[in-house]
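Novice: One structure coming up, written as structure tokens, with questions to follow.
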Amino acid sequence: MIKNLLTLFLLLIFGAGFCQDHLQLAPPLLTYPSAFFTGSTQVQLRFRQPGAEIRYTLDGKEPTRHDLLYSDPITIITNCTLKARSFAKAFDASETVTASFFKDGKKIRGIEFSKPNPAYTNSGKDVLHDNLGGMPDFHNQNWLGFNVDTVDVWVHLQKKETIQSVLLNFLVDQQSWIFLPEKILLYGYDDLRRTYLKMGEETYESDQFAPRACSAQTIKLAKQFATSLIHLRLCTMKKMPDWHVSKGEHAHLFMDELKVY
Numbered sequence: 001m002i003k004n005l006l007t008l009f010l011l012l013i014f015g016a017g018f019c020q021d022h023l024q025l026a027p028p029l030l031t032y033p034s035a036f037f038t039g040s041t042q043v044q045l046r047f048r049q050p051g052a053e054i055r056y057t058l059d060g061k062e063p064t065r066h067d068l069l070y071s072d073p074i075t076i077i078t079n080c081t082l083k084a085r086s087f088a089k090a091f092d093a094s095e096t097v098t099a100s101f102f103k104d105g106k107k108i109r110g111i112e113f114s115k116p117n118p119a120y121t122n123s124g125k126d127v128l129h130d131n132l133g134g135m136p137d138f139h140n141q142n143w144l145g146f147n148v149d150t151v152d153v154w155v156h157l158q159k160k161e162t163i164q165s166v167l168l169n170f171l172v173d174q175q176s177w178i179f180l181p182e183k184i185l186l187y188g189y190d191d192l193r194r195t196y197l198k199m200g201e202e203t204y205e206s207d208q209f210a211p212r213a214c215s216a217q218t219i220k221l222a223k224q225f226a227t228s229l230i231h232l233r234l235c236t237m238k239k240m241p242d243w244h245v246s247k248g249e250h251a252h253l254f255m256d257e258l259k260v261y
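Heads up, the sequence shown is in full-length UniProt numbering, so the first residue is 1 and it goes up one at a time.
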């Protein structure tokens, strides 16, 4: 009996030494001037550990050991989602870091919008089309914050153009009461009828927790439409969901950039 217990004890000790999990690498550090750009932009990735390497993709897929090897700054020339991970022998691969990038679309002459919360405003007249932002921190001065039922945005293009979609960049930070809108309505001005026509609609659900992140949402037109004036109506979340610690309270809406394609 004693011999059997001793054997079991030795197996547990030595077995534990051989069954330890591999350590996981930290993710690479991703730096860039802004998520929005004209012409092109550059992205740098850093992870300083001997023997480690960074692999990345530009199509939104999860990186593997067989994907693109990072060596020099990456030049971005079109809309894309970059994902990157650290790899090294005898280590588990890191978690994925992700960033999306958006190139200028139609030329915008100006944008008007509802009055933001005074605590979360920006005096820049081009704040929604200045190619600055895309940072998931509501303290960043590029964000406009609203806590009203509806937010209206009027986009004046430099000339009449055929429109396919509109992109809005939002912040999701649910622990700070910041959610996506419940609905976005898109209207285009018809010169002949001298009125706005509804051209698109998107609805959003927030039925479970989402990590803090920027969230670029595209509103597609039901059909292509030529106009120089676009009206967007954003319906904010009036009651936060039951799973939230402040359920029933009015949510905030934060946005920092708009593109027309």
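Each residue gets a CB set at the ideal place from its N, CA and C atoms; glycine is no exception. Here the structure is a predicted model, which means the values were calculated and not measured.
Give the range of the beta strand (DSSP E) segment to which Asn-169 is assigned.
Specialist: Counting along the chain, the beta strand (DSSP E) containing Asn-169 begins and ends at 150-172.
Novice: Is there contact here, the segment 22-32 with the segment 40-48, by at least three beta-carbon pairs under 8 Å?
Specialist: Touching, per the Cβ criterion.
Novice: If you draw a straight line from the alpha carbon of Ser-206 to that of His-156, how long is it in whole angstroms?
Specialist: Near 31 Å, if we compare the C-alpha coordinates of His-156 and Ser-206.
Novice: I'd like to know if the segment 227-247 and the segment 73-88 are in contact, where contact means that at least 3 CB-CB pairs between them fall below 8 Å.
Specialist: With a cut-off of 8 Å, the segment 73-88 and the segment 227-247 do not count as touching, because too few Cβ pairs lie within range.
Novice: For residue 267 and Asp-152, I'd like the C-alpha separation in whole angstroms.
Specialist: Lying outside 1 to 261, the shown extent of the chain, residue 267 is not represented and no answer is given.
Novice: Where does Val-127 sit, in a helix, a strand or coil, going by DSSP?
Specialist: Correct three-state label for Val-127: helix.
Novice: To the nearest angstrom, how far is the alpha carbon of Asp-190 from that of Glu-202?
Specialist: Their Cα atoms are separated by approximately 21 Å.
Novice: Can you tell me where the beta strand (DSSP E) with His-231 in it begins and where it stops?
Specialist: Looking at the DSSP string, the run of the beta strand (DSSP E) that includes His-231 is 213-235.
Novice: In chain order, what residues of the same chain have a beta carbon less than 8 Å from the beta carbon of Thr-150, not counting five sequence neighbours either side?
Specialist: Ser-114, Arg-233, Leu-234, Cys-235, Thr-236, listed in sequence order.
Novice: Per the DSSP calculation, Gly-105 is bridged to which residue(s)?
Specialist: In the DSSP output, where bridge partners are listed per residue, Gly-105 has none listed.
Novice: Which whole runs of the beta strand (DSSP E) in the segment 30-63 are 3 residues long or more, in chain order?
Specialist: Counting only runs of 3 or more, we get 41-46, 53-57.
Novice: At the level of alpha carbons, what is the spacing between Asn-142 and Ala-90?
Specialist: Computed Cα separation, rounded: 42 Å.
Novice: Report the residue from Leu-23, Thr-195, Phe-37 whose alpha carbon sits nearest the alpha carbon of Asp-92.
Specialist: Residue Leu-23 is the option with its Cα nearest to Asp-92.
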